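Q: Dropping the structure in here first, questions after.
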Amino acid sequence: MLHIFSSSEYVSDESTESDSETDRNESDDTYSEDNESDKKNEDPNVRKSTISNREPFEFLANHGQNEIVPRRLRFKCSFYIEQYLDENLINLIVKETNLYADQFLQSHPNLKPRSRMRKWYPTTNNEIRCFIAMLVLQGIIKKPALQMYFSKRETISTPFFAKIFSVGRFLLLCKFLHFENNEHHNNMQSKKLWKIKTVLEYVVDKCKSLYTPKMDICIDESLLMWKGRLSWKQYIPSKRSRFGIKFFVLCESESSYIWNLYIYTGKESDYGPRYSEFNISARIVLHLCDELLERGFRLYLDNWYTSIPLIEKLCAHKTDVVGTIKKTELAFVKKLEKRV
Numbered sequence: 016m017l018h019i020f021s022s023s024e025y026v027s028d029e030s031t032e033s034d035s036e037t038d039r040n041e042s043d044d045t046y047s048e049d050n051e052s053d054k055k056n057e058d059p060n061v062r063k064s065t066i067s068n069r070e071p072f073e074f075l076a077n078h079g080q081n082e083i084v085p086r087r088l089r090f091k092c093s094f095y096i097e098q099y100l101d102e103n104l105i106n107l108i109v110k111e112t113n114l115y116a117d118q119f120l121q122s123h124p125n126l127k128p129r130s131r132m133r134k135w136y137p138t139t140n141n142e143i144r145c146f147i148a149m150l151v152l153q154g155i156i157k158k159p160a161l162q163m164y165f166s167k168r169e170t171i172s173t174p175f176f177a178k179i180f181s182v183g184r185f186l187l188l189c190k191f192l193h194f195e196n197n198e199h200h201n202n203m204q205s206k207k208l209w210k211i212k213t214v215l216e217y218v219v220d221k222c223k224s225l226y227t228p229k230m231d232i233c234i235d236e237s238l239l240m241w242k243g244r245l246s247w248k249q250y251i252p253s254k255r256s257r258f259g260i261k262f263f264v265l266c267e268s269e270s271s272y273i274w275n276l277y278i279y280t281g282k283e284s285d286y287g288p289r290y291s292e293f294n295i296s297a298r299i300v301l302h303l304c305d306e307l308l309e310r311g312f313r314l315y316l317d318n319w320y321t322s323i324p325l326i327e328k329l330c331a332h333k334t335d336v337v338g339t340i341k342k343t344e345l346a347f348v349k350k351l352e353k354r355v
């Protein structure tokens, strides 16, 4: 792999041998023994250019939390969770869940007398908070079936779940949990994500507004495991999940904090009207980091995103780029060389 540092750094295969010989000759005079040992441990397939015609852009963002956190709340996990799952979001979920339950019951007047759906009653904010907490806990304590979380058998019992919910009520909440009014379906532009669009945008906006990342950021794919039926399900053998829903995420390199994300929905993916002159990979990058331009961030990319038009665009907006390309892509290197 080759590393590209901003738009002005490159390396060609023709100069690799001469560069390495020069480095070895200079090392006797200018480097300590520690530096020599470090050079021996470097990846031989990664080369850094020694050519640079400018300094990195000045970092202008005030990184960190955008709101002052009271000292007494700094180490309380519940405080940070409530910053994202705030009262407005919970109210929305309660409203849409109750609405969907009413719509369902009105459209199914002939339910069986002993149907679980007949036992439905409106949910509340506190109940939805507890329900979300139970879903998170299920990701820690994994069992093959939902009913097993409420089992009284000593060998598999988890009494905490039964203290909060009965199995019937929990399954009803799973049945009717909703984020969007079904009657608004025809008015939604996105056909595939319309049921979660409002909540997804709300949470992403919270991620942006509550925290500003440090200078080093990166963009890459993430795979949410899903093996059910889905038209845009992806297969990525290099990922741990292999099958699932693909996300493009912009993260802070140091903490892995997700600052922005985009869900890939196949050929119908909407990358917005801006940057339509670029290819898909470049549009994804520009879509994710659009609000961070002009502030001196340093963006790390892999070879699927790295391209000359993208590098030039980002550098024109005071954003440094560290990208990788395949060693076989000599045409890319020669084009980049001409621009220096």
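Residue numbers for the sequence shown follow the working numbering, so the first one is 16 and each next one is one higher.
We put the CB at the ideal spot given by N, CA and C, even for glycine.
Small disclaimer: the values here were computed from a predicted structure and weren't measured.
(1) Within the stretch 186-220, note down every full beta strand (DSSP E) run reaching 3 residues or more, in order along the chain.
(2) With a cut-off of 8 Å on the beta carbons, I'd call Pro228 and Tyr290 a contact; round off their distance for me.
(3) From which residue to which residue does the beta strand (DSSP E) around Thr339 run?
(4) Within 10 angstroms of the Cβ of Arg313, are there 16 or more other Cβ atoms? Answer buried if so, exposed if not.
(5) Residue range of the alpha helix (DSSP H) that Tyr99 falls in?
(6) Determine the extent of the alpha helix (DSSP H) in which Asn154 is found, giving its start and end residues.
(7) Mind checking who Gln249 pairs with in its DSSP beta bridge?
(8) Can a CB atom of chain C be found closer than 9 Å to the CB of Gly259?
(9) With a CB to CB cut of under 6 Å and the five nearest residues on each side skipped, what residues in its chain are close to Gln98?
(10) From the DSSP output, in three-state form, read off Asn275 for me.
(11) Measuring straight from C-alpha to C-alpha, what distance separates Asn197 and Lys206?
(12) Counting C-beta neighbours from all protein chains within 10 Å, is the total for Ile66 16 or more, i.e. buried, or is it exposed?
(13) Could you tell me the distance, in whole angstroms, from the CA atom of Lys341 to the CA atom of Leu316?
(14) From the DSSP output, in three-state form, read off Leu329 for me.
(15) Alpha carbon to alpha carbon, how far is Asn141 from His199?
(16) Tell me which same chain residues have a C-beta within less than 7 Å of the C-beta of Leu100, skipping the five on either side of it?
(17) What's the C-alpha gap between Pro124 and Leu161?
(18) Run the CB neighbour count on Ser322, radius 10 Å, all protein chains shown included, and call it buried at 16 or more, exposed below.
(19) Val300 to Lys134, Cα distance in whole Å?
(20) I'd like the span of the beta strand (DSSP E) that includes Glu236, first residue to last.
(21) Checking 9 Å against the spacing of the C-beta atoms, do Leu104 and Val214 come in under that value?
(22) Could you check if Met240 is buried or exposed, using at least 16 other CB atoms within 10 Å of its CB as the buried criterion?
A: Let me spell this out:
(1) none
(2) With a Cβ gap of about 21 Å, Pro228 and Tyr290 do not count as contacting.
(3) 335-340
(4) buried
(5) 92-99
(6) Reading off the sequence, residue 154 comes out as Gly, not Asn. Segment 140-155, the alpha helix (DSSP H) holding Gly154.
(7) Under the DSSP definition of a beta bridge, Gln249 partners with Gly259.
(8) Annotation note: the requested chain C is absent from the structure, which comprises a single protein chain.
(9) Leu225
(10) When secondary structure is reduced to three states using DSSP, Asn275 falls in the strand class.
(11) 12 Å
(12) Unreliable positioning characterises Ile66 in this predicted model, as indicated by a pLDDT of 43, which lies under 50. The coordinate reading is nonetheless provided below. Flag for Ile66 reads exposed.
(13) 13 Å
(14) helix
(15) When the Cα atoms are used, Asn141 and His199 turn out to be separated by approximately 27 Å.
(16) Ile147
(17) 27 Å
(18) buried
(19) In this structure, the CA atom of Val300 is about 48 Å from the CA atom of Lys134.
(20) 231-240
(21) yes
(22) exposed
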